[in-house]
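Reviewing the structure listed below.
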Amino acid sequence: MSPIPSETSGRFPWKRSLLTGAVIGTLFGVLFRLVAGSHFYSSYSGSMLMTVAFLVLGPFYIGFVTLQVAEEVGNRSVAVWIFAPWVPVLLSALISACLLLEGAICIVFALPITLLFSSFGGVLAGLISRSDRRLSNSTLSCLALVPLLLAPAESLLPSPVLIRTVSSQIRIHAPVPTIWRNIERVPTISPAELRTSWAQRIGFPRPVEATLSYEGVGGIRHATFERGLTFIETVTAWEPEHRLAFGIKADTAHIPPTTLDEHVTIGGRYFDILDGEYRVEPLANGDVLLHLTSHQRLSTDFNGYAGFWSDAVMQNLQTSILEVIRHRCEHA
0 MSPIPSETSG RFPWKRSLLT GAVIGTLFGV LFRLVAGSHF YSSYSGSMLM TVAFLVLGPF
60 YIGFVTLQVA EEVGNRSVAV WIFAPWVPVL LSALISACLL LEGAICIVFA LPITLLFSSF
120 GGVLAGLISR SDRRLSNSTL SCLALVPLLL APAESLLPSP VLIRTVSSQI RIHAPVPTIW
180 RNIERVPTIS PAELRTSWAQ RIGFPRPVEA TLSYEGVGGI RHATFERGLT FIETVTAWEP
240 EHRLAFGIKA DTAHIPPTTL DEHVTIGGRY FDILDGEYRV EPLANGDVLL HLTSHQRLST
300 DFNGYAGFWS DAVMQNLQTS ILEVIRHRCE HA
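Residue numbers (numbering that gives the first Met the number 0): 0 to 331.
Put into structure tokens, the structure is as follows:
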């Protein structure tokens, strides 16, 4: 019996098998995305896109099947096990974006975890191949059904609710009354005042202004963002020149569907901003430390991972607003 060729003993078969594995992995990824987002499944079980089965098991299978096919003509290196599965995952994301199935926000959020678990799948397939055991095509086909069946079942289960707190602060060299005037109301922010942040680059709208109906508890602030995103903020604490707190409710009835991806819509099933608070802290040297704190609700099957991203986005947003306030106060 002739020995199994290595990576260097036949470059064309090696490239062809790896390419074939990547194509099969990509086709599965796109098919899984189409099925998971189909109205047929969502009408029975809700969205499958926000399940562990979709974000973890799907990429795991992509990596597994890619390396199973790639190992048919020889053993690959560990580096190939780890990184080859990234190709079909990235191609699936690109095709989904081109077909307008996903926006940049969801793709950026999902890629770290999908790439990681695709590598796990590739490594497992490589280890199985090194043990001289290989799964049949029928077995591989049956394994493909696992994420497809578990995702709708998982989406029927209630998701845990997690409340997260994000706190930001900035030092301002300006009088307290000036700072207070700039937080109770925020006049229109020009594009020149706001640095373009990474959150805006991936699709989050930039803040525009915040109005106030009247001063005191019960006053209504309307905080508006680009592309029709508006928050109705009801003042719950009014301590002039010291503390301003407000409950937050997204005006979901008037948010255009193109403003944010369905799965990151504020006030939706998976994410909401509950409240916010400004606190003015005078310092001994005459400067002021301005604090901005908010609370968010997460309701996903992977709140720990989602919380990492929601914290990062809220921290980015709050820091941007505080920088505008500082610039205005110090140049008043």
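By construction, the Cβ of each residue, glycine as well, lies at the ideal position given by its N, Cα and C atoms.
On a predicted model such as this, the values are computed, not experimentally measured, just so you know.
Taking 8 Å as the upper bound for CB-CB distance, arginine 205 and phenylalanine 224 are in contact here, some 7 Å apart. Secondary structure of isoleucine 265 (DSSP, three-state): strand.
Just so you know, the alpha carbons of phenylalanine 301 and alanine 52 end up roughly 11 Å apart.
Short of 6 Å from the beta carbon of alanine 244, and not among the five residues preceding or following it, lie these beta carbons of its own chain, in chain order: Thr235, Ala236 and Glu276.
With at least 16 other beta carbons inside 10 angstroms of its own, leucine 321 counts as buried. Residue pairing for tryptophan 237: DSSP places it in a beta bridge opposite Leu243.
Between glycine 218 and arginine 184, the alpha-carbon positions lie close to 11 Å from each other.
Using a Cβ distance threshold of 9 Å, glycine 57 and glycine 121 do not count as a contacting pair.
For alanine 249, the three-state secondary structure derived from DSSP is strand. For threonine 113, the uninterrupted alpha helix (DSSP H) segment begins and ends at 103–129. Judged by beta-carbon spacing, arginine 163 lies beyond the 9 Å limit of leucine 282, meaning their Cβ atoms are not closer than that value. Between leucine 17 and alanine 83, the C-beta spacing is below 9 Å. Put simply, of His294, Ser76 and Phe31 the residue whose alpha carbon is nearest the alpha carbon of leucine 54 is Phe31. Classified as exposed, proline 111 has fewer than 16 neighbouring CB atoms from the shown chains inside 10 Å of its CB. Straight-line measurement puts the Cα of isoleucine 324 at about 23 Å from the Cα of glutamine 295.
For the pair glycine 28 and alanine 69, the CB atoms are not nearer than the 9 Å cut-off. By the C-beta criterion, the stretch 95–113 is judged not to be in contact with the stretch 150–160, since fewer than 3 inter-stretch pairs fall below 8 Å. Membership of valine 312 in any beta strand (DSSP E) is not indicated; the residue belongs instead to the alpha helix (DSSP H) covering 302–329.
About 6 Å separates the Cβ atoms of proline 151 and methionine 47, confirming a contact at the 8 Å cut-off. Between alanine 143 and valine 165, the alpha-carbon positions lie close to 39 Å from each other. Our two residues, isoleucine 81 and phenylalanine 119, have alpha carbons roughly 7 Å apart in a direct line. Counting only residues of its own chain and dropping the five nearest sequence neighbours on each side, serine 167 has a CB closer than 7 Å to the CB of Leu291, Gln314, Gln317, Thr318 and Leu321.
In the structure shown, glutamate 214 adopts coil according to DSSP, grouped into three states. One alpha carbon belongs to serine 309, the other to leucine 114, and they sit about 20 Å apart. Boundaries of the beta strand (DSSP E) around phenylalanine 224: 219–224. Membership of threonine 177 in the alpha helix (DSSP H) is indicated by the continuous run 175–183. Going by C-alpha positions, glycine 24 is about 30 Å away from tryptophan 197. According to DSSP, residue pairing for threonine 164 in a beta bridge involves His294.
The three-state secondary structure of isoleucine 201, taken from DSSP, is coil.
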